[in-house]
Every structure is written in C-alpha cells, then in structure tokens.
Amino acid sequence: MDATTVLADVSGSIATVGYGLAAIGPAIGVGIVVGKTIEGVARQPELAGRLQVLMWIGIAFTEALAFIGIATAFIFGY
C-alpha cells in the first residue's frame, strides 16, 4: 500500500473535527468564569446576586465562540 492509496482512502468532512476543537476553548472559558464567580462569592457573599448576573453575561459571551465555531464548520465544511 503506497501513499497514493492511503490518501485516496481519506475522504469526508473535517468540519466535525474542527468544531470539536473549537468547542474546547469555550468549555475552558466557562469553567474559568464559573470558578472565579464561586471564588468571588466565597470572598464577599453579599455580592452573590451581582456576581451571578455578571457570570451569566460572561458565559453568554464565551458561548458565542462556540456558535462561531458551528458557523465556521458549516461555511467551510459543506
């Protein structure tokens, strides 16, 4: 089996792999946002409500990266 045969067998869309890699960043980002919010509430419990609102805004912005990854997979993959 030579290199030409191996290359001929590889086919399909790499977009699914690209989206999987693109989802790693937002997942790490959401973990950091939630972790820092928990840390902030532990330090100043009276700010829990305000920090929770800021946490949800941060999660929304972070998840926007995942949506961009989905759009990119559809644009370039299909």
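Using full-length UniProt numbering, the first residue of the sequence shown is number 1, and each one after it goes up by one. All C-beta atoms, glycine included, are put in the ideal place defined by N, C-alpha and C.
- Under the three-pair Cβ rule at 8 angstroms, the segment 34-46 does not count as touching the segment 61-72.
- CA-CA distance, residue 57 to residue 25, rounds to 17 angstroms.
- Residue 44 carries a coil assignment under DSSP once its states are collapsed to helix, strand and coil.
- Here residue 29 has 62 as same chain residues with Cβ atoms under 6 angstroms from its own Cβ, once five neighbours each way along the sequence are excluded.
- Of the candidates 38, 71, 41 and 27, 27 places its Cα closest to the Cα of residue 60.
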